[in-house]
Amino acid sequence: MTTSPETVPSPLAPAPAQPGGAALRGGGGLLRYIIVRFLLIFPTIFILVTVVFFLMRSTGDPITAAQGGRLPPAELAKRIHEAGYDRPLIVQYLQYLGQIAHGDFGTTFTDHQKVTTILLTYGGATLELAFYALIVAFIVGIPLGLLAAYLRDRWGDAVLRVLSILFYATPVFFSGLLLQLTFSIGLGWLPVAGRADTNTELEIQTLPHPTGINLIDAFRTGDPDAVPDVLKHAVLPGIALGLLTAGVFLRLVRTNVIGTFNTQYVDAARSRGVREYRLVTRHAYKPALIPIITVIGLQIAMLLGGAVLTETTFEWKGLGFELNQYLESRDFVAVQGIVALLAVIVAVVNFIVDIIAALIDPRVRY
426 MTTSPETVPS
436 PLAPAPAQPG
446 GAALRGGGGL
456 LRYIIVRFLL
466 IFPTIFILVT
476 VVFFLMRSTG
486 DPITAAQGGR
496 LPPAELAKRI
506 HEAGYDRPLI
516 VQYLQYLGQI
526 AHGDFGTTFT
536 DHQKVTTILL
546 TYGGATLELA
556 FYALIVAFIV
566 GIPLGLLAAY
576 LRDRWGDAVL
586 RVLSILFYAT
596 PVFFSGLLLQ
606 LTFSIGLGWL
616 PVAGRADTNT
626 ELEIQTLPHP
636 TGINLIDAFR
646 TGDPDAVPDV
656 LKHAVLPGIA
666 LGLLTAGVFL
676 RLVRTNVIGT
686 FNTQYVDAAR
696 SRGVREYRLV
706 TRHAYKPALI
716 PIITVIGLQI
726 AMLLGGAVLT
736 ETTFEWKGLG
746 FELNQYLESR
756 DFVAVQGIVA
766 LLAVIVAVVN
776 FIVDIIAALI
786 DPRVRY
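Adding 425 to a residue's 1-based position in the sequence shown gives its number in our numbering.
This is the structure in structure tokens:
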């Protein structure tokens, strides 16, 4: 039997191209992943804005919702016509999309402010609260998750799992009220509400171009009492909102640390006589942190949603507090604009987090 020369591969011939995604495992794979994730921002924002628009308009036009019963019918009809709310809904929707494309999220009825101005004025407070909450979530969730993995299938593990469910399931306003009753009214250790004392607030307001983030502005005042005062006011709202995310982190860390116990490098360490405690704290915990990074984007959306109740409970004057005020005054233009703007923020934050996760763990983009 002879072999055709065409079927004999030459040792000098280049290796055939590998099927699948072998070519994607370099920089091209990461670049394509970034481009795809960036392009997905636009349909995500489009869907969220569309849902918000039609949900708001399902109750009628914003002027009737805000002023109905307060104005004569003729005056009400005149304002509706001037604002264009008597036109077909699809025309209003297309006009609203055009405004958003130009960065205009509307003007409030109650105080005639641009929604983007409200974001610049109060967005720093919400960002600061979310930062404190994430710190609490990391400090509480990760160590308790490691402890639960170390105590797996024992009574301590069961207690911590129940605790994580309580953290996640307890409404933010309820945990906030409990914290206020215990540490503010009962023990008198911490302030009940607000972002700072009156003197500190006045010092911050006199600063040129305040950032809206009180911790940064407190450093800028040069007052040695300003920073402790701001941090003291942030403890309870940060804990109330942070425990919500801490419950998620606890379960994630526990599950992933237990999963890494079956990997070869952990088995090799165990065969060398490494103690179980060191296996958890030195070998198994780092891979368990990767899933936390991937879900931080989703937790940002949860934190922004929880910020509405947290800021209202503690009178923390951020976007959530303002959103609640506009809801009470039935200013649906303001509510629609703020919610749409928050949707844009969440979409952008998720994009950033996805890129960070892809840089840390290449498996995310393959």
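Beta carbons are placed, not taken as given, at the ideal position from N, Cα and C, and that holds for glycine.
A residue is called buried once 16 or more other Cβ atoms fall within 10 Å of its Cβ, and R512, having fewer, is exposed. No Cβ-Cβ contact shorter than 8 Å links I718 with I629. Here the segment 740 to 753 makes no contact with the segment 582 to 592; the two share fewer than three CB pairs at distances below 8 Å. A Cβ-Cβ contact shorter than 8 Å links I763 with L744.
Your pair V673 and Q724 checks out as a contact, with CB atoms roughly 7 Å apart and the cut at 8 Å.
Relative to the Cα of L677, the nearest Cα in the group V474, L571, R457 belongs to L571.
In the three-state reduction of the DSSP assignment, K657 falls in the helix class. When beta bridges are read from the DSSP output, K539 appears opposite T532.
In the structure shown, R462 falls within a helical segment according to DSSP collapsed to helix, strand and coil. Between F534 and D779, the CB-CB gap reaches or exceeds 8 Å. Around the beta carbon of L632, fewer than 16 other beta carbons lie within 10 angstroms, which makes this residue exposed. The residues L554, Y557, A558, I560, V561, in chain order, have a CB closer than 8 Å to that of G663 in the same chain once the five nearest residues on each side in sequence are set aside. DSSP places I525 in the uninterrupted alpha helix (DSSP H) bounded by 514 to 526. Shown here, T636 sits in coil according to DSSP, grouped into three states, outside any helix or strand. The continuous stretches of alpha helix (DSSP H) do not include D650, and DSSP gives it neither H nor E. Here the C-alpha atom of A772 lies approximately 11 Å from the C-alpha atom of F471. If one requires a minimum length of 4 residues, the alpha helix (DSSP H) runs lying completely within the segment 554 to 621 are 580 to 594, 597 to 604, in chain order.
Per DSSP, the unbroken alpha helix (DSSP H) holding T623 starts and ends at 623 to 630. Counting of Cβ neighbours within 10 angstroms places W614 among the exposed residues, the total staying below 16. In the DSSP assignment, E747 falls within the alpha helix (DSSP H) that extends over 744 to 753.
With a threshold of 16 other beta carbon atoms within 10 Å, R620 meets it and is buried.
By the criterion of a C-beta distance shorter than 6 Å, R504 is surrounded in its chain by I488, once the five residues flanking it on both sides are discounted. Q517 and Y458 have their C-alpha atoms some 36 Å from each other. With contacts defined by Cβ atoms closer than 8 Å, A574 and R645 do not form a contacting pair. G667 is positioned such that its CB atom lies closer than 8 Å to that of V565. Here N775 is buried, its C-beta having at least 16 other C-beta atoms within 10 Å.
The criterion of a C-beta distance shorter than 8 Å is satisfied by V760 and L752.
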